[in-house]
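Colleague:
There are 4 protein chains.
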Amino acid sequence: MDERFALAERILRAQPFSRLLGTRLLAFRPGRAELALRLRPEHRQQNGFAHGGVLAYLVDNALTFAAGSVLGPEVLTVEFKVNFVRPARGDELRAVGEAKAAGKRLAVARAEVYDGATLVALGQGTVAAAG
Amino acid sequence: MDERFALAERILRAQPFSRLLGTRLLAFRPGRAELALRLRPEHRQQNGFAHGGVLAYLVDNALTFAAGSVLGPEVLTVEFKVNFVRPARGDELRAVGEAKAAGKRLAVARAEVYDGATLVALGQGTVAAAG
Amino acid sequence: MDERFALAERILRAQPFSRLLGTRLLAFRPGRAELALRLRPEHRQQNGFAHGGVLAYLVDNALTFAAGSVLGPEVLTVEFKVNFVRPARGDELRAVGEAKAAGKRLAVARAEVYDGATLVALGQGTVAAAG
Amino acid sequence: MDERFALAERILRAQPFSRLLGTRLLAFRPGRAELALRLRPEHRQQNGFAHGGVLAYLVDNALTFAAGSVLGPEVLTVEFKVNFVRPARGDELRAVGEAKAAGKRLAVARAEVYDGATLVALGQGTVAAAG
């Protein structure tokens with residue numbers, strides 16, 4: 655297995671919150687990360703859709719891993735923004751993060767979250783190299 | 655008990671994701687909502703701090719409840735932005751949302767998340783009346 | 655000339671602020687708008703780079719025109735976010751906006767601003783159909 | 655005159671874009687900056703309101719000056735978000751920026767733009783110490 659992927663997966667598994675939610679790493683290469691999460695009843699809000707907090711979490715992690723693929727494994731997410739564009743009703747969410755620009759200390763990444771083939775959320779954020 | 659508070663609490667309790675995280679409603683009045691969440695091991699990331707997704711969830715819910723206090727109980731969060739300003743290490747997080755402007759269909763709210771007396775995250779977002 | 659392009663150009667020319675800055679419409683089709691602005695001395699900040707306000711203006715207008723291409727000509731920009739990723743030093747800025755999701759009332763769009771071939775700013779925002 | 659105010663005013667006057675728009679510094683003290691701009695016909699969009707780009711410029715500058723009051727005079731704005739909450743129809747806009755959190759390298763600030771007593775835009779953003 656690719657070493658970078660294996661390291662990224664170890665970091666994801668070292669996040670208790672990601673284990674609680676059941677997030678899996680699908681892909682990790684320079685500039686890009688993909689995550690998946692199987693929607694369970696406890697991920698939903700009062701109308702049965704994925705809670706916005708779950709979508710925001712996925713945007714956050716997809717941005718951060720994508721930026722980490724270019725800045726290195728020790729990163730801090732500075733900020734992000736998310737737009738919710740459609741309720742997520744399905745069984746599995748997939749989040750794709752891409753680094754769009756990177757300096758030594760800061761990178762900007764974007765992320766999209768899909769419910770099957772449907773775009774449900776879009777984000778953009780800033781990640782800093784730690785230390 | 656105040657009826658508006660009771661309704662807001664019923665909505666919060668009807669969110670399985672909020673029950674999973676253990677969120678409690680502390681205050682709810684026109685233009686303002688306060689939430690609390692006791693940090694448990696499963697809310698943390700790989701360095702032992704609250705995961706950014708937990709802070710983003712709190713910003714999202716604080717904004718949405720604050721906006722719902724002026725728009726009515728049926729709302730959809732359109733988007734929000736969050737800045738993480740300090741790692742959250744403590745036992746209990748408190749999120750304060752305030753509606754800053756509201757029309758018939760859209761409201762803008764801000765939220766702050768505190769770890770004890772320390773500001774750890776700030777957000778701003780847009781909420782729409784549903785239907 | 656394409657009628658939609660002509661209408662979009664009339665709207666752009668009807669904006670005194672866009673005339674002040676010298677913005678030109680390069681392309682306009684469903685889901686996409688491109689604008690250009692020749693950087694003049696009065697567009698700069700104290701170090702000779704394009705002022706962030708000029709880049710933010712371009713993000714705003716590119717988002718709004720891209721969303722207007724799907725929502726119709728009467729739109730209001732609800733909010734947007736911009737990341738500045740590199741100083742803009744050149745002669746000509748180009749902004750590309752793309753609608754990423756649209757309902758009846760709201761659309762989400764993204765924009766990038768280029769200085770020649772260099773990405774200098776990225777944005778994401780929400781636009782509402784007026785009325 | 656206060657030396658910090660005088661320095662901030664020199665920086666504002668050294669921005670050709672701020673001179674083009676006619677921005678004035680009203681107040682500058684640790685953690686806070688206030689700017690004003692008299693709305694002229696060339697600041698407007700097609701319906702006679704202040705162009706969103708003018709409001710975004712004011713948010714940008716108010717955030718940046720407020721953050722600069724704590725980080726020092728050499729700063730770069732990393733990103734910001736703005737919500738437009740009401741059309742600005744009046745004669746004079748006033749923008750208030752406040753630093754909300756600051757480390758050595760990064761500060762987070764918020765800004766509000768008023769048209770007379772009416773809140774017309776709200777922003778939040780990240781500013782970095784240069785160098």
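Chains as they are written, first to last, in this note's numbering: chain A, 655 to 785; chain B, 655 to 785; chain C, 655 to 785; chain D, 655 to 785. Glycine included, C-beta positions come from ideal geometry on N, C-alpha and C. These figures come from a predicted structure and were not determined experimentally.
Could you give the residue range of the beta strand (DSSP E) that holds LEU689 (chain D)?
Modeller: Element bounds for LEU689 (chain D): 686-692.
Colleague: Can you tell me where the alpha helix (DSSP H) with ARG673 (chain D) in it begins and where it stops?
Modeller: Its alpha helix (DSSP H) spans residues 670-675.
Colleague: Nearest-angstrom Cα distance between VAL750 (chain A) and GLY779 (chain A)?
Modeller: Approximately 13 Å, taken between the alpha carbons.
Colleague: With C-beta atoms as the reference, is LEU821 (chain A) less than 8 Å away from ASN737 (chain A)?
Modeller: Absent from the model: residue 821 (chain A). The displayed extent of chain A is 655 to 785, so no value can be given.
Colleague: Could you tell me the distance, in whole angstroms, from the CA atom of ARG694 (chain D) to the CA atom of ALA668 (chain C)?
Modeller: Between ARG694 (chain D) and ALA668 (chain C), the C-alpha separation is close to 15 Å.
Colleague: From which residue to which residue does the beta strand (DSSP E) around ASP769 (chain B) run?
Modeller: It spans 760-769 - the beta strand (DSSP E) in which ASP769 (chain B) sits, taken as one unbroken run.
Colleague: For the candidate residues C:ALA783, C:GLY757, C:PHE682, C:LEU675, whose alpha-carbon lies nearest to that of LEU661 (chain C)?
Modeller: Per the Cα distances, C:PHE682.
Colleague: Name the chain D residues that come within less than 7 Å of LEU747 (chain C), Cβ to Cβ?
Modeller: Those within 7 Å of LEU747 (chain C) in chain D number zero; the least Cβ separation is about 13 Å.
Colleague: Exposed or buried, ARG664 (chain C), counting other C-beta atoms within 10 Å across all chains shown (16 or more means buried)?
Modeller: ARG664 (chain C) is exposed by the Cβ-count criterion.
Colleague: Quick check: is the beta carbon of VAL708 (chain A) nearer than 8 Å to any beta carbon in chain B?
Modeller: Yes, contact with chain B.
Colleague: Measure the CB-CB distance between GLU752 (chain C) and ALA763 (chain C) and report whether it falls below 8 Å.
Modeller: Yes, Cβ-Cβ distance for GLU752 (chain C) and ALA763 (chain C) is below 8 Å.
Colleague: Can GLU746 (chain C) and LEU674 (chain D) be called in contact, C-beta distance under 8 Å?
Modeller: No. Outside cutoff.
Colleague: Compare the C-beta of LYS735 (chain B) with all C-beta atoms of chain A and state if any pair is closer than 8 Å.
Modeller: Chain A contact via Cβ: present.
Colleague: In whole angstroms, what is the alpha-carbon distance linking ALA756 (chain D) and ASP656 (chain C)?
Modeller: Cα to Cα, ALA756 (chain D) sits roughly 51 Å from ASP656 (chain C).
Colleague: How would you write the range of the alpha helix (DSSP H) that GLU663 (chain D) sits in, first residue to last?
Modeller: Where GLU663 (chain D) is concerned, the enclosing alpha helix (DSSP H) stretches over 657-667.
Colleague: State buried or exposed for LYS735 (chain B), treating a residue as buried only when at least 16 other CB atoms are found within 10 Å of its CB.
Modeller: Result: buried.
Colleague: In chain order, what residues of the same chain have a beta carbon less than 7 Å from the beta carbon of LEU717 (chain A), not counting five sequence neighbours either side?
Modeller: Result list for LEU717 (chain A): THR731, PHE734, GLY751, ALA763, ALA765, GLY777, GLY779, VAL781, in chain order.
Colleague: Can you pull out the residues from the stretch 716-740 of chain A whose beta carbon lies closer than 8 Å to at least one beta carbon of chain C?
Modeller: Residues passing the 8 Å Cβ filter: LYS735, ASN737, VAL739, ARG740.
Colleague: Is ALA755 (chain B) close to chain D, meaning its C-beta is less than 8 Å from at least one C-beta of that chain?
Modeller: Yes, ALA755 (chain B) counts as interfacial toward chain D.
Colleague: Considering only heavy atoms of the ligand ADP, does any lie closer than 7 Å to the CB of HIS697 (chain C)?
Modeller: No copy of the ligand ADP occurs in the structure displayed, which carries no ligand at all.
Colleague: Have a look at A:GLN699, A:ALA783, A:ASN715, A:GLY785 and flag the residue whose alpha-carbon is nearest the alpha-carbon of GLY676 (chain A).
Modeller: Nearest option by C-alpha distance: A:ASN715.
Colleague: Using alpha carbons as the reference points, say which of D:PRO727, D:ALA783, D:PRO741 lies closest to GLN700 (chain C).
Modeller: Selected option, being the one with the closest Cα: D:PRO727.
Colleague: Alpha carbon to alpha carbon, how far is VAL774 (chain B) from VAL708 (chain A)?
Modeller: Near 20 Å, if we compare the C-alpha coordinates of VAL708 (chain A) and VAL774 (chain B).
Colleague: Between PHE671 (chain A) and chain B, is any beta-carbon pair separated by less than 8 Å?
Modeller: Chain B contact via Cβ: present.
Colleague: In terms of DSSP beta bridges, what is PHE682 (chain A) paired with?
Modeller: The partner list for PHE682 (chain A) (beta bridge, DSSP) reads A:ALA687.
Colleague: Kindly indicate if chain B contains any beta-carbon less than 8 Å away from that of ALA668 (chain A).
Modeller: Judged by the 8 Å Cβ criterion, ALA668 (chain A) is in contact with chain B.
Colleague: Can you tell me whether LEU680 (chain B) is buried or exposed? The criterion is at least 16 other CB atoms within 10 Å of its CB, across all chains shown.
Modeller: Per the 10 Å Cβ criterion, exposed.
Colleague: At the level of alpha carbons, what is the spacing between ARG748 (chain A) and GLY770 (chain A)?
Modeller: About 8 Å.
Colleague: Does the beta carbon of THR780 (chain A) come closer than 8 Å to any beta carbon on chain D?
Modeller: Yes, THR780 (chain A) lies at the interface with chain D (some Cβ there is under 8 Å from its Cβ).
Colleague: Can you confirm whether LEU712 (chain A), when its beta carbon is compared against all beta carbons of chain C, has any partner nearer than 8 Å?
Modeller: Closer than 8 Å: no.
Colleague: Assuming contact is defined by CB atoms lying nearer than 8 Å, are ALA720 (chain C) and GLY744 (chain C) in contact in what I supplied?
Modeller: Result no, Cβ atoms of ALA720 (chain C) and GLY744 (chain C) do not sit closer than 8 Å.
Colleague: Scan the stretch 678-704 of chain B for residues whose Cβ lies nearer than 7 Å to a Cβ of chain A and list them as they occur along the chain.
Modeller: Residues passing the 7 Å Cβ filter: PRO695, GLU696, HIS697, ARG698, GLN699, GLN700.
Colleague: Do ALA784 (chain B) and VAL729 (chain B) have their C-beta atoms within less than 8 Å of each other?
Modeller: Yes. Within cutoff.
Colleague: Name, in chain order, the residues that DSSP records as bridge partners for GLY779 (chain C).
Modeller: C:PHE734, C:ALA763.
Colleague: Decide if GLY702 (chain B) is buried, meaning its Cβ has at least 16 other Cβ atoms within 10 Å, or exposed.
Modeller: By the 10 Å Cβ count, GLY702 (chain B) comes out exposed.
Colleague: Give me the DSSP bridge partner(s) of LEU747 (chain B).
Modeller: Looking at the DSSP assignment, LEU747 (chain B) forms a beta bridge with B:LEU691, B:ASP769.
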